[in-house]
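Residue numbering for the sequence shown follows my numbering, beginning at 289 and increasing consecutively.
Please read the structure below before turning to the comments.
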Amino acid sequence: SSNASLNILGGKIESKNIGIRTISATNCNINVKGGEIIGTTAISADEGIITITDGLVKGSNYGLLTQNAKLNVKGGEIVGATAVLIKGNAEIIVDDGTVTGESTGINAASGSITVNGGLIKGNSYGLNVQNVKLNVKGGNIEADIDGIRIKSTEMIVTGGKIIGNNSSIYAVDVNEENKS
Numbered sequence: 289s290s291n292a293s294l295n296i297l298g299g300k301i302e303s304k305n306i307g308i309r310t311i312s313a314t315n316c317n318i319n320v321k322g323g324e325i326i327g328t329t330a331i332s333a334d335e336g337i338i339t340i341t342d343g344l345v346k347g348s349n350y351g352l353l354t355q356n357a358k359l360n361v362k363g364g365e366i367v368g369a370t371a372v373l374i375k376g377n378a379e380i381i382v383d384d385g386t387v388t389g390e391s392t393g394i395n396a397a398s399g400s401i402t403v404n405g406g407l408i409k410g411n412s413y414g415l416n417v418q419n420v421k422l423n424v425k426g427g428n429i430e431a432d433i434d435g436i437r438i439k440s441t442e443m444i445v446t447g448g449k450i451i452g453n454n455s456s457i458y459a460v461d462v463n464e465e466n467k468s
């Protein structure tokens, strides 16, 4: 519900569908400080603040799916076919921990992403972003194909390591209209 807090300190939350789900939950805080959250989608949150400092957030499809929430990754592990999928105007800050996708680490169509540390990894793409403000200050972003794939994205790199076997950074459809 709105104005609520959920603190997960340990244990196991498991579902055949969604482990934890919030809908229209403004000012909702989800704090994962330990334990395991497992589902087809481990956490689905359309609003609020999600902070992961420890534990495992694992989805067979998505570790975390969000619309307009703020995600702070300070530790722990987020795993999925796509570890983090952003459908709305979310804000993501990765300070530590690992975000690992079988296909893509983080896939975003809007919002902002700041990488200060940690590891973001995918087999296809570490980051696959479009219409995003991306700031890479530290950490490692790795993928078997493209470390970072961008389209219509403002990107600033001041630190960290970006590794891709095909391209470290691959800008798609670079032109005046897309402004990549």
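Where a beta carbon is used, it is the ideal one built from N, C-alpha and C, also for glycine.
No experiment lies behind these values; they were computed from the predicted model shown.
{"Query": "Among 305, 306, 296, the one whose alpha carbon lies nearest that of residue 322", "Result": "296"}
{"Query": "Secondary structure of residue 305, DSSP reduced to three states", "Result": "coil"}
{"Query": "Alpha-carbon spacing of residue 440 relative to residue 461, whole angstroms", "Result": "8 Å"}
{"Query": "Buried or exposed by the 16-neighbour rule on C-beta atoms within 10 Å, applied to residue 304", "Result": "exposed"}
{"Query": "Test item: CB-CB of residue 429 and residue 457 under 7 Å", "Result": "no"}
{"Query": "7 Å Cβ cutoff met for residue 341 and residue 375", "Result": "no"}
{"Query": "Residue 351 versus 445, 393, 418, 378, residue with shortest Cα-Cα distance", "Result": "393"}
{"Query": "Three-state secondary structure assigned by DSSP to residue 356", "Result": "coil"}
{"Query": "Distance CB(residue 313)-CB(residue 332) smaller than 7 Å", "Result": "no"}
{"Query": "Burial state of residue 446 (16 or more Cβ within 10 Å)", "Result": "exposed"}
{"Query": "Same chain only: Cβ atoms within 6 Å of residue 293, ignoring 5 sequence neighbours per side", "Result": "317"}
{"Query": "Local conformation of residue 425 per DSSP, three classes", "Result": "coil"}
{"Query": "Residue 440, DSSP secondary structure in three states", "Result": "coil"}
{"Query": "First and last residue of the uninterrupted beta strand (DSSP E) at residue 402", "Result": "399 to 403"}
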